[in-house]
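Those letters in the sequence shown? Residues 396 to 672, per the numbering used here, in order. The C-beta atom is built at its ideal place from N, Cα and C for all residues, glycine as well.
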Amino acid sequence: MIDVTSIGDVNVDILTEVIDEIGEVEQKLIEDVKMKVGGGAANCAVWLSKLGMKVRLIGVVGNDKFGEFIKEELKRAGVDAKLKTVNGRTGITIGIQFRDGTKKLLTFRGTNKIFSIQHLNISDVEGEVIHFAGYNLLENLRKDLPRLLEEIKKKDKIISFDPDLKAGMKFEKKEFFEVTKFIDVVFLNEREAFLISENFDWFKGRTIVVKRGRNGAFAIENGERIEVEGKEVEVKNPTGAGDVFDAAFLHHYYYGYDLRECLEFANEEAIKYIQSF
396 MIDVTSIGDV NVDILTEVID EIGEVEQKLI EDVKMKVGGG AANCAVWLSK LGMKVRLIGV
456 VGNDKFGEFI KEELKRAGVD AKLKTVNGRT GITIGIQFRD GTKKLLTFRG TNKIFSIQHL
516 NISDVEGEVI HFAGYNLLEN LRKDLPRLLE EIKKKDKIIS FDPDLKAGMK FEKKEFFEVT
576 KFIDVVFLNE REAFLISENF DWFKGRTIVV KRGRNGAFAI ENGERIEVEG KEVEVKNPTG
636 AGDVFDAAFL HHYYYGYDLR ECLEFANEEA IKYIQSF
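So this is what it looks like as structure tokens:
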């Protein structure tokens, strides 16, 4: 029996160890690098599984070595992967990570770019909670998302949503707010919250969660704002911490914890994640 289905972006992450800076050099030597499953939807699914939940992941990968790597790693992580394999190249993100918690990401969307409503079966969307991630990277799925969410909502599911509005990427507010009317929980970073702050009325009756990195997080629900503080720790792995936060919050939300407990647990899990590489 599935508890949560995560739908959205799936790719390979190739990440450097944290460095202080690159500087004005053509090449910089590093001591460590790793390759892992990445993408907001996949990261969230993997961490939910790590927390003991039964998780399904729906997305698209290419018919290449990276696609095979993703499927093998998800199986090892205990995730029920309903991934469509299509003719094309799997998405890749190359991340340069810095000791101050920032990062520079180079993303080739690959098969994420063609992921559409035709690539999923509504019968595969199971569980009490349905999580969507990578909205701004999935242009084909994006246009059909309101229709898909409406169908899911008819099944009385809790729908959570992390838009992943990266700096410099096109953001259509009208399109975005067509989606939000079906959402129960929305996860934002500070930049995203600023972009839509004038339209917070759209989220009445919903839970808004704003992730603030080292400064903690806050949530607004039914007019009440609850905040938790961050913690200064040694950063080793910032890429994907926001997705881990989403997973941990949803874990506690699923089991009926109050809003403060959800925030505190999510913050703790994200902190744990960024300290390991």
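Taking the Cβ atoms as the reference, V405 lies roughly 7 Å from G486, within the contact range of under 8 Å. According to the DSSP assignment, R484 belongs to no beta strand (DSSP E), since it is labelled neither H nor E.
Q513 is classed as exposed because its beta carbon has fewer than 16 other beta carbons within 10 Å across all chains shown. Under the three-state reduction of DSSP, S555 is assigned to strand.
In this structure, I465 is the residue among V413, K460 and I465 with its C-alpha nearest to the C-alpha of N438. The alpha-carbon separation between D519 and Y652 amounts to approximately 27 Å. Of all C-beta pairs linking the segment 416 to 434 to the segment 653 to 662, fewer than three are shorter than 8 Å, placing the two stretches out of contact. The criterion of a C-beta distance shorter than 7 Å is not satisfied by L446 and S401. Leaving aside the five residues that flank V628 on each side, the residues in its chain whose CB is nearer than 8 Å to its CB run, in chain order, I666, I669 and Q670. Secondary structure at V474: coil, using DSSP grouped into helix, strand and coil. Within the DSSP bridge table, the entry for T602 names V580 and E616 as partners. The beta carbon of V450 lies closer than 6 Å to those of V399, A440, L443, S444 and V474 in the same chain, with the five residues before and after it left out. For the options E664, G635 and N632, the alpha carbon positioned closest to that of H647 is the one of E664. Boundaries of the beta strand (DSSP E) harbouring K498: K498 to F503, taken from the DSSP string. In terms of Cβ geometry, V455 and V420 do not form a close pair [threshold 7 Å]. Beyond the five residues adjoining it in sequence on each side, I409 comes within less than 8 Å, by CB distance, of V428, K429, M430, I487, T488, I489 and G490 in the same chain, given in chain order.
For a cut-off of 8 Å, the C-beta gap from G433 to G635 is around 7 Å, short enough to register as a contact. Just so you know, the alpha carbons of L543 and Y530 end up roughly 13 Å apart. Contact check for F589 against D557 fails: the beta carbons are separated by 7 Å or more. Looking from the CA of A528, the closest CA among F640, Y649, I397 and K599 belongs to F640. Out of L500, R601 and I553, the CA that lies nearest to the CA of T411 is found in L500. Bridge partners of I397 according to DSSP: none are assigned.
Cα atoms of I525 and E426: separation of roughly 39 Å, rounded to the nearest angstrom. Note: L410 is bridge-paired with K429 and G490 in the DSSP secondary-structure output. Take L532, set aside five residues on each side of it, and the residues of its chain with a beta-carbon closer than 7 Å to its own are D404, R504, N507 and D559, in chain order.
As the crow flies, the alpha-carbon of E624 is around 30 Å from that of F577. Closest option to G483, judged by alpha-carbon separation, among E463, A476, V580 and A661: E463.
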